[in-house]
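Participant:
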Amino acid sequence: MKYAAFDLALNTGFCVGQSFDANNPKKLVSGSHNFQKGSNRHKGDRFLRALLWFENFLEDHEPDVVYYEEVTFSHHKGSTVYGGLFSILAALCRAHNVHMIGVNVKVLKKHATGNGNATKAMMIDSCRSYGIDPVDDDEADAVCLYQYAVCTSDR
Numbered sequence: 002m003k004y005a006a007f008d009l010a011l012n013t014g015f016c017v018g019q020s021f022d023a024n025n026p027k028k029l030v031s032g033s034h035n036f037q038k039g040s041n042r043h044k045g046d047r048f049l050r051a052l053l054w055f056e057n058f059l060e061d062h063e064p065d066v067v068y069y070e071e072v073t074f075s076h077h078k079g080s081t082v083y084g085g086l087f088s089i090l091a092a093l094c095r096a097h098n099v100h101m102i103g104v105n106v107k108v109l110k111k112h113a114t115g116n117g118n119a120t121k122a123m124m125i126d127s128c129r130s131y132g133i134d135p136v137d138d139d140e141a142d143a144v145c146l147y148q149y150a151v152c153t154s155d156r
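Position in the sequence shown counted from 1, then plus 1, gives you this note's numbering.
1. Take Val144 and list the residues in its own chain whose beta-carbon comes closer than 7 Å to its own, dropping the five residues that flank it on each side.
2. Going by DSSP, what residues sit across from His97 in a beta bridge?
3. Give me the DSSP bridge partner(s) of Tyr69.
4. Between Ser154 and the ligand ATP, is there a pair consisting of the residue's CB and a ligand heavy atom that are separated by less than 7 Å?
5. By a C-beta neighbour count over all protein chains shown, 10 Å radius and 16 as the cutoff for buried, is Phe87 buried or exposed?
6. Here's the rule: buried if 16 or more other CB atoms are within 10 angstroms of the residue's CB, otherwise exposed. What is Cys92?
7. Is Arg156 helix, strand or coil when you go by DSSP?
8. Quick one: residues in its chain with C-beta nearer than 6 Å to the C-beta of Lys3, no 5 flanking neighbours on either side, listed in chain order?
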């Protein structure tokens, strides 16, 4: 089974690999991709770039299932970006017939660190325990989410 994991945000973390690659970090593809809106760009540009990036990602990696961090917001500016990125990813997954599974942030943190209120530093340390030195906390979250997928799926 091939899993993809996303931490959806302006700087989206990602990790993809086969279930049997979980213990071989050299076979995983992970990182983060920035969807910041440039200073002279149209408001829709970030979402158009996201559409193209996610489309290429799904075509290049062909995951069987996509895991994503399920975030809830209460009057937060990030909810617009998260909602837009989630909508794009959900539509593309549907078009590519890829199953999606959302994981609550606290559940992910508890699985990765033993603490549902883990800090970014704790998540980065957890990622490093899998043999991956993340470029940022977004990649760390995606790697931990991938590991969650492998550990909890029915395979």
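Glycine included, C-beta positions come from ideal geometry on N, C-alpha and C.
Facilitator: From the atom records:
1. Cys16, Ser31, Cys128, Tyr131, Ile133, Pro135
2. DSSP lists no partner for His97.
3. Phe7, Gly103
4. Among the components modelled here there is no ligand, and therefore nothing to report on the ligand ATP.
5. buried
6. Residue 92 is actually Ala in this sequence, not Cys. Exposed, by the Cβ-count rule.
7. Residue confidence for Arg156 is low, a pLDDT of 48 falling below 50, so the modelled location carries little weight; the figure read from the coordinates is stated next. Correct three-state label for Arg156: coil.
8. Gln19, Pro64, Asp65
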